[in-house]
Amino acid sequence: MASTDSTSQQNVALDDVVTTVVMARVTDFFGFFVYAIASAIIFPTVFFPFLDPILGTLWSFAIFSLAFLARPIASIVGRSLQRKIGRAGKITLALMVLGTSTVAIGLLPGYEKIGIAAPILLAVLRFVQGLGLGGAWDGITLQLTSAAPANREGLYGMVPQLGGPIGFCVAAALFYVLTDFLTSDELFTYGWRFAFFAVMAVNVVALFARLRLLTTDFGAEDETLLQSAPMGELVREEGRTILLSALLPIASYAVFHMVTVFPLSYSLLFGGHDVSTVLLWQLLGGAFAVAAVILSGVLADRLSRRRVLLISCVLVAMLSTSIGTLENYPQVYILFGFVVLGLSYGQSSSIVPKRFAARFRYSGSALSTNLSWILGAAFAPFLGLLLAVTFGLWAAGLYMLSGAMVTAVSLYFVEKRSQKA
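Below is the structure:
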């Protein structure tokens, strides 16, 4: 009877944690996608009006990538800060940096007011955003999969990933309202700024959600799992694992931006489709992605995470052949793309931690995750648009296909190493 009560209490605690995790991740990704969407439809006009629209968008996407390059730096600095002020202090400081830089972007004058200083300051603030994002990494997927009941690691591992599509839907809905109900002058003068102020408001919610997670008991292994390992020892002992773990989610992270940011920029520049219409299709696609993330957890527990990612690689290859539909039927590529994104992204994070020895798991996961975002996501909008402009949409499709091939090859080597172990 006592055992039953204990199990019941653990399930209630985990259910409570799941709700808090989703809340924290949704607020994180809301801010992430507010900037991403603005970089496609707002910043080329506000900060690069002296360039033609294509070049202005490419420069906007180049600045977009700076946050990803800052994340490993923040992760290294965060290790030192965590030893001095604790995890709660580190995350609080990181979210304050993130929130302050986000509001500063919302207040930043455009090129017409301060000239070339405007895009330079945007680049600086974007880099600072990346420092906040990197410093706020908390290893929550690692904790959830460790505390998950038997044969439900896939389901619990996909929980933090729900924040991606839900956060995108919230950001896309906000920009849909702004683009559909404001005139062009109103949107580019002040309308877009409200989105960044909204990020600051939800950032407060994110902080309380994160602090609540830090005080939650995930199980007996918690203290071991959250130990930071010495960097030299980590790289020496787990260098190959870090590289493989960084390459595993490449396909997912490339698709991440190729179905969210890329269709907006391409439609605006070439497709002749109204931005609000594309956003509406993406909102529907986001709902599909939420369902696909949940499905990925179910399939991972029944089949294995490896098989789910292999299936995702095949679907990414199919998606790359459908990219030409963006020209006349963008809904085909967008809706299918969000389903593929949900299936691949749902297990892209949880497949990494168990590759590391327990004492390297927290630091190894952080380092490989930051590398994955740089290799797979940071330059995806820039490279996708550059390839499409230079060669055609088929070249952007090949870019996604290359990501699927990298993930598939990485899965092969992971399986080979597992058999040798």
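My numbering puts the first residue of the sequence shown at 17, with every later residue one more than the last. All C-beta atoms in this analysis are idealised placements derived from N, C-alpha and C, irrespective of residue type, glycine included. Quick caveat, the model's predicted, so the values are computed rather than measured.
Please tell me whether L300 has its Cβ less than 8 Å away from any Cβ of chain D. Of the protein chains in this structure there is only one, and it is not chain D.
Which same chain residues, not among the five before or five after R226, have their C-beta less than 6 Å away from its C-beta? Here residue 226 is taken as the residue at index 210 of the sequence shown, counted from 1. Beyond the five residues adjoining it in sequence on each side, R226 comes within less than 6 Å, by CB distance, of A40 and I107 in the same chain, given in chain order.
If I follow the unbroken alpha helix (DSSP H) through G179, where does it start and stop? Along the sequence shown, read from residue 1 onward, the residue named residue 179 stands at position 163. Per DSSP, G179 belongs to the alpha helix (DSSP H) from G179 to F197.
P125, DSSP secondary structure in three states: Residue numbering aside, residue 125 sits at position 109 when the sequence shown is read from its first letter. In the displayed model, P125 falls within coil according to three-state DSSP, outside both helix and strand.
Let me know the secondary structure DSSP gives D317 once reduced to three states. Along the sequence shown, one-based indexing puts residue 317 at 301. In this structure, DSSP gives D317 a helical state, which the three-state scheme calls helix.
Do F398 and A139 have their CB atoms nearer than 8 Å? Here residue 398 refers to the residue found at position 382 of the sequence shown. Here residue 139 refers to the residue found at position 123 of the sequence shown. Contact: no.
Assuming S360 and A262 are in contact, meaning their beta carbons sit under 8 Å apart, how far apart are those beta carbons, in whole angstroms? Taking the first residue of the sequence shown as position 1, residue 360 is located at position 344. Taking the first residue of the sequence shown as position 1, residue 262 is located at position 246. About 16 Å; that fails the 8 Å criterion.
Out of R321, L414 and G179, state which residue places its alpha-carbon closest to the alpha-carbon of T35. Here residue 35 corresponds to residue number 19 of the sequence shown, with the count starting at 1. Comparing Cα positions, the closest option is G179.
W297 and P346: beta carbons closer than 8 Å? For this step, residue 297 is matched to residue 281 along the sequence shown. For this step, residue 346 is matched to residue 330 along the sequence shown. With a cutoff of 8 Å on beta-carbon distance, W297 and P346 are scored as near each other.
Apart from the five residues just before and just after M174, which ones in its own chain have a Cβ nearer than 6 Å to its Cβ? The residue you call residue 174 lines up with position 158 of the sequence shown. Answer for M174: V309, S312, G313 and G362, listed in chain order.
Given W75 as reference, the closest of R87, P60, V422 and L85 once Cα atoms are compared: Along the sequence shown, one-based indexing puts residue 75 at 59. Each of R87, P60, V422 and L85 was checked against the Cα of W75, and the nearest Cα belongs to P60.
For Y428, the nearest candidate out of V33, L325, D290 and R142 (CA to CA): Within the sequence shown, the letter at position 412 stands for residue 428. Distance check between Y428 and each of V33, L325, D290 and R142 places L325 closest, using alpha-carbon atoms only.
Could you tell me which uninterrupted alpha helix (DSSP H) segments, each at least 4 residues in length, are contained entirely in the stretch 335-407, listed from first to last along the chain? Secondary structure in the stretch 335-407: the alpha helix (DSSP H) runs of 4 residues or longer, each lying completely within the stretch, are 346-362, 377-388 and 396-406 in chain order.
Is I58 near L147, with beta carbons less than 8 Å apart? What you label residue 58 is simply residue 42 of the sequence shown in a count that begins at 1. What you label residue 147 is simply residue 131 of the sequence shown in a count that begins at 1. No, the Cβ-Cβ distance between I58 and L147 is not below 8 Å.
Does DSSP put S44 in a helix, a strand or coil? Here the question's residue 44 lines up with position 28 in the sequence shown. First, the amino acid is wrong: residue 44 is Asp here, not Ser. Three-state DSSP puts D44 in a helix.
What residue range does the alpha helix (DSSP H) around P176 cover? Counting from one through the sequence shown, the residue named residue 176 turns up at place 160. Segment: none, P176 is in no alpha helix (DSSP H) and carries neither H nor E.
Check each candidate in I121, F286 and Y172 and name the one with the smallest Cα separation from S365. By 1-based counting over the sequence shown, the position of residue 365 is 349. Ranking I121, F286 and Y172 by Cα distance to S365 puts Y172 first.
Taking the alpha-carbon positions, what's the A236 to S338 distance? Translated into positions along the sequence shown, residue 236 becomes position 220. Translated into positions along the sequence shown, residue 338 becomes position 322. Note that A236 has pLDDT 44, beneath the 50 cutoff, so the model's placement of it is unreliable and the number below is only indicative. CA-to-CA, the gap between A236 and S338 works out to about 47 Å.
Where are the alpha helix (DSSP H) runs, 4 residues long or more, that stay fully inside the stretch 236-286, in chain order? Runs found: 238-241, 247-263, 266-274 and 278-282.
Residue range of the unbroken alpha helix (DSSP H) whose run includes L137: Translated into the one-based positions of the sequence shown, residue 137 becomes position 121. Membership of L137 in the alpha helix (DSSP H) is indicated by the continuous run A133 to G151.
Output the boundary residues of the alpha helix (DSSP H) element that contains P60. Residue 60 sits at position 44 when you count from the first residue of the sequence shown. For P60, the enclosing alpha helix (DSSP H) begins and ends at F59 to F63.
Coil, strand or helix - R228 by DSSP: By 1-based counting over the sequence shown, the position of residue 228 is 212. Three-state DSSP puts R228 in a helix.
Quick one: what's got a C-beta closer than 6 Å to A188's C-beta in the same chain, skipping five residues either side? Along the sequence shown, one-based indexing puts residue 188 at 172. Excluding sequence neighbours, A188 sits near L295, Q298 and L299.
Classify L111 as buried or exposed, calling it buried when 16 or more other Cβ atoms lie within 10 Å of its own Cβ. In the sequence shown, the residue the question calls residue 111 occupies position 95. Around the beta carbon of L111, 16 or more other beta carbons lie within 10 angstroms, which makes this residue buried.
Assuming V42 and A211 are in contact, meaning their beta carbons sit under 8 Å apart, how far apart are those beta carbons, in whole angstroms? For the purposes of this step, residue 42 is taken as residue 26 along the sequence shown, with counting starting at 1. For the purposes of this step, residue 211 is taken as residue 195 along the sequence shown, with counting starting at 1. Actually they are not in contact, since the Cβ atoms of V42 and A211 sit about 15 Å apart, beyond 8 Å.
With the cut-off set at 8 Å, would you say I350 and G301 are in Cβ contact? The sequence position of residue 350 within the sequence shown is 334, counting from 1. The sequence position of residue 301 within the sequence shown is 285, counting from 1. Contact flag set, yes.
Could you check where the alpha helix (DSSP H) with T205 kicks off and where it finishes? As a first step, residue 205 is located in the sequence shown; it is residue number 189 there, counting from the start. No residue range can be given for T205, since it is assigned to no alpha helix (DSSP H) and is classified by DSSP as neither H nor E.
Can you find the residues in the same chain that come closer than 7 Å, C-beta to C-beta, to L67, ignoring five residues on each side of it along the sequence? One-based indexing of the sequence shown puts residue 67 at position 51. Around L67: W75.
With respect to 7 Å, is the separation between the Cβ of W153 and the closest non-hydrogen atom of the ligand COA below this value? The ligand COA is absent from the structure shown, which contains no ligands of any kind.
Under 8 Å between the Cβ atoms of V306 and G353? On the sequence shown, position 290 is the one that residue 306 refers to. On the sequence shown, position 337 is the one that residue 353 refers to. No.
Among the candidates V277, G207 and L71, whose CA atom is the shortest distance from the CA of V193? Residue numbering aside, residue 193 sits at position 177 when the sequence shown is read from its first letter. Comparing Cα-Cα distances from V193 to each of V277, G207 and L71, the minimum goes to G207.
Own chain partners of A316 with C-beta closer than 6 Å, once the 5 adjacent residues on each side are dropped: Residue 316 sits at position 300 when you count from the first residue of the sequence shown. Excluding positions up to five away in sequence, the list reads G170, V324 and Q363.
Between which two residues does the alpha helix (DSSP H) carrying P165 extend? By one-based count along the sequence shown, residue 165 stands at place 149. Run containing P165: none; DSSP gives neither H nor E here.
Helix, strand or coil at F213 according to DSSP, with G and I counted as helix: Position 197 of the sequence shown, counting from 1, holds the residue named residue 213. For F213, the three-state secondary structure derived from DSSP is helix.
Out of I367, E202, T118 and L414, point me to the one whose CA is closest to A217's CA. Taking the sequence shown and counting its residues from 1, the one referred to as residue 217 is at position 201. Comparing Cα-Cα distances from A217 to each of I367, E202, T118 and L414, the minimum goes to T118.
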